[in-house]
Amino acid sequence: MSRRIRVLCAIGSLDIGGAERQMIQILRHLDRQRFEPLLYLTHNRGELRAQIPEDVPVHSFWEHRQFPRLNYPGRLYRAQITDLAQVIAQQQIDVVYDRTFTMTLFAGPASDRAQKPRVSCIASDPKVDLPQSAGRFLRIKRRKLAQAYRSAFQVVTVSDGVRQSALDYYQLAPSQVTTILNGVDLQQVEQRSTEFTPDFPADRFHIVACGRLHPSKGYPHLMDAVATLGQHKQLVTLHILGEGSERARLEKQIEQLSQQPTFADFVEIKLHGYVENPLPYIRAANLFCLSSVYEGLPNALLEAIACGTPVVATDCDFGPREILSGGRYGHLVTPPDTLQAALLNAIQHPERDRERTVPARKSLAENYSLKRCISQLEDLLQAAVHQTDTVHSQ
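Printed below as a string of structure tokens:
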């Protein structure tokens, strides 16, 4: 192909989330000598819209539509498949890259209808994520997703654990599923993490957690564990950066914890809400804690390591164990008891955790380089187009 490859990157929205942040990185860093990226959204919304590169056209399903007065089951599903197939045809798309299962439900049949190759990304553990997030018609959606993944040129997973789960859950052929890790732009993290210095009182131990206020993030366990530190007369502040549906529940929990005798004297828990740039908070923290119930490959944990901050992470499926090399580069814990012990240990012996940050950052640079991860995706997209061109020329 003599011209640049036109890649349609498809995702539900650009609300704050790991998959959405990675999509922005892909749009920014795809080689413009080889690729011409476009973006398709179900909803043209989200805090990350401001980060879309200026040369990337955006197409949105809901931008010029009203919600139908009569919305029978399957109507919007079929309408979005038709819309996406039309965008693929009208924009002369060469290959589709979709991320998250909600978009794969549409992108699978749409790209098949348009007769264009597709690379689909699974960014979290499907056996947990789909039942918790799919809503109605779970069995139908699971079957349609299995069909969509089987018809893709290649399925990409963000960790080896997610890969194995996808193989089992959707009954996919091993040759069709490959792992491309989420990449971290170390230079960008270094630059953005020093944009400002948070006002962290020096007499307190500061723990930072970052992510949506969602049940999957395990914040209740983390807040309970931090509250116990007051019993050891440790001055501690937990900073939770993020917004979401669990705010009211977490605020109520903080109110209940504040009734404990040692809480008010020693412990603070702050819900900061959405923070456009959380990296200075992570860099300034004494400890970063990932308390998730499940993950795919947590970007926030990667960024904490890039900032040189000691980390504690739950040993959940999947990602933390791979990133931390089984606990070599940070504490892997199981809430609630071992989480409490790990936090107390980090406060009482900070030098031990600081020693881990240097080899952890070295491992990050070697295995999670954004340049390397983007290059792997570029090769996959090019191979998909090449195979299609070869078939059509025969």
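So that you can map any letter, position 269 of the sequence shown is 1732 in our numbering, and since no number is skipped, the others follow by simple counting.
Virtual Cβ for every residue (Gly too), placed ideally from N, Cα, C.
What is the C-beta distance between residue i and residue j, in whole angstroms, given that I count them as a contact (C-beta under 8 angstroms)?
i: THR1565; j: GLY1475; result: 5 angstroms
i: ALA1748; j: ILE1670; result: 6 angstroms
i: LEU1806; j: VAL1756; result: Not really, about 18 angstroms apart at Cβ, beyond 8 angstroms.
i: LYS1680; j: SER1628; result: Contact flag wrong, Cβ pair sits at about 19 angstroms.
i: ALA1769; j: LEU1685; result: Not quite, the Cβ-Cβ distance comes to about 21 angstroms (not below 8 angstroms), so this is no contact.
i: CYS1673; j: PRO1741; result: 5 angstroms
i: THR1820; j: GLY1790; result: THR1820 to GLY1790, Cβ: 14 angstroms. No contact.
i: SER1622; j: THR1642; result: 6 angstroms
i: ALA1473; j: TYR1503; result: 4 angstroms
i: ARG1491; j: ILE1468; result: Not quite, the Cβ-Cβ distance comes to about 17 angstroms (not below 8 angstroms), so this is no contact.
i: ALA1609; j: THR1567; result: Not a contact, Cβ separation roughly 10 angstroms.
Residue i to residue j, Cα distance in whole Å?
i: ALA1597; j: ARG1710; result: 22 angstroms
i: ASP1842; j: LEU1471; result: 16 angstroms
i: SER1754; j: PRO1822; result: 22 angstroms
i: SER1708; j: GLN1719; result: 19 angstroms
i: VAL1618; j: GLU1499; result: 21 angstroms
i: GLY1537; j: ARG1512; result: 28 angstroms
i: GLN1555; j: ASP1592; result: 33 angstroms
i: GLY1624; j: PRO1724; result: 42 angstroms
i: ILE1487; j: ILE1515; result: 6 angstroms
i: LYS1607; j: ARG1528; result: 25 angstroms
i: PHE1616; j: LEU1844; result: 9 angstroms
i: GLU1428; j: ASP1780; result: The question about residue 1428 has no answer, for the chain in this structure spans 1464 to 1857.
i: GLY1481; j: PRO1798; result: 23 angstroms
i: ALA1727; j: ALA1548; result: 58 angstroms
i: ASP1588; j: GLY1759; result: 6 angstroms
i: GLN1650; j: GLN1722; result: 44 angstroms
i: ILE1479; j: ASP1687; result: 25 angstroms
i: LEU1501; j: VAL1519; result: 5 angstroms
i: GLN1634; j: GLN1716; result: 41 angstroms
i: LEU1795; j: TRP1525; result: 42 angstroms
i: THR1563; j: ARG1613; result: 15 angstroms
i: ALA1809; j: GLU1818; result: 12 angstroms
i: TYR1744; j: LEU1676; result: 17 angstroms
i: LEU1630; j: ALA1586; result: 14 angstroms
i: GLY1793; j: TYR1682; result: 19 angstroms
i: GLU1739; j: GLU1706; result: 11 angstroms
i: ALA1847; j: GLN1485; result: 21 angstroms
i: LEU1713; j: ASP1816; result: 29 angstroms
i: VAL1550; j: VAL1689; result: 50 angstroms
i: ILE1489; j: HIS1695; result: 46 angstroms
i: ASP1575; j: LEU1765; result: 35 angstroms
i: CYS1584; j: PRO1594; result: 18 angstroms
i: GLN1654; j: ARG1541; result: 44 angstroms
i: THR1777; j: ARG1466; result: 47 angstroms
i: ALA1763; j: SER1788; result: 16 angstroms
Exposed or buried, residue i, counting other C-beta atoms within 10 Å across all chains shown (16 or more means buried)?
i: THR1505; result: buried
i: VAL1521; result: exposed
i: ASP1561; result: buried
i: GLN1543; result: buried
i: ILE1603; result: exposed
i: HIS1812; result: exposed
i: LEU1601; result: exposed
i: LYS1579; result: buried
i: GLN1803; result: buried
i: GLY1509; result: buried
i: ARG1626; result: buried
i: ARG1581; result: buried
i: GLU1483; result: buried
i: PHE1668; result: buried
i: THR1657; result: exposed
i: ASP1494; result: exposed
i: ALA1636; result: exposed
i: TYR1737; result: exposed
i: ASP1546; result: buried
i: ASP1437; result: Nothing can be reported for residue 1437, as the shown portion of the chain is limited to 1464 through 1857.
i: ASP1557; result: buried
Strictly under 8 angstroms for the Cβ-Cβ distance: is residue i near chain D by that measure?
i: ASP1561; result: Of the chains in the structure shown, none is chain D; there is only one protein chain.
(request) Determine, using beta-carbon pairs with one atom in the stretch 1697-1706 and one in the stretch 1730-1746, whether at least three such pairs fall under 8 angstroms. (result) Judged by Cβ distances under 8 angstroms, the stretch 1697-1706 makes contact with the stretch 1730-1746, as three or more pairs qualify.
(message) I'd like to know if the stretch 1821-1831 and the stretch 1646-1653 are in contact, where contact means that at least 3 CB-CB pairs between them fall below 8 angstroms.
(response) Below 8 angstroms, enough C-beta pairs join the stretch 1821-1831 and the stretch 1646-1653 to call them touching: three or more.
(request) Assess, as a yes-or-no matter, whether the stretch 1570-1578 is touched by the stretch 1517-1533 under the definition of 3 or more beta carbon pairs within less than 8 angstroms. (result) Taking one beta carbon from each stretch, the stretch 1517-1533 and the stretch 1570-1578 have fewer than 3 pairs nearer than 8 angstroms; the two do not touch.
(request) Please go through the stretch 1633-1697 and give each complete alpha helix (DSSP H) segment of 4 or more residues, from N-terminal end onward. (result) As far as the stretch 1633-1697 is concerned, its whole alpha helix (DSSP H) runs of at least 4 residues are 1649-1655, 1682-1691.
(request) Would you mind listing the beta strand (DSSP E) stretches within the stretch 1490-1567 that are 3+ residues and don't spill past its ends, in chain order? (result) Segments of the beta strand (DSSP E) lying fully in the stretch 1490-1567: 1498-1504, 1521-1523, 1558-1562.
(request) Inspect the CB distances between the stretch 1738-1752 and the stretch 1649-1666 and report whether three or more fall short of 8 angstroms. (result) Touching, yes, given that three or more Cβ pairs across the two stretches are closer than 8 angstroms.
(request) Would you mind listing the beta strand (DSSP E) stretches within the stretch 1744-1825 that are 3+ residues and don't spill past its ends, in chain order? (result) If one requires a minimum length of 3 residues, the beta strand (DSSP E) runs lying completely within the stretch 1744-1825 are 1750-1753, 1774-1777, 1794-1796, in chain order.
(message) I'd like the ranges of any beta strand (DSSP E) spanning at least 3 consecutive residues and lying wholly in the stretch 1590-1618.
(response) Taking only runs of at least 3 residues, no beta strand (DSSP E) segment lies wholly in the stretch 1590-1618.
(message) I'd like the ranges of any beta strand (DSSP E) spanning at least 3 consecutive residues and lying wholly in the stretch 1696-1746.
(response) 1699-1704, 1730-1736, all fully within the stretch 1696-1746.
(request) Ignoring anything shorter than 4 residues or poking outside the stretch 1822-1849, list the alpha helix (DSSP H) runs there in chain order. (result) Counting only runs of 4+ residues, no alpha helix (DSSP H) is found wholly inside the stretch 1822-1849.
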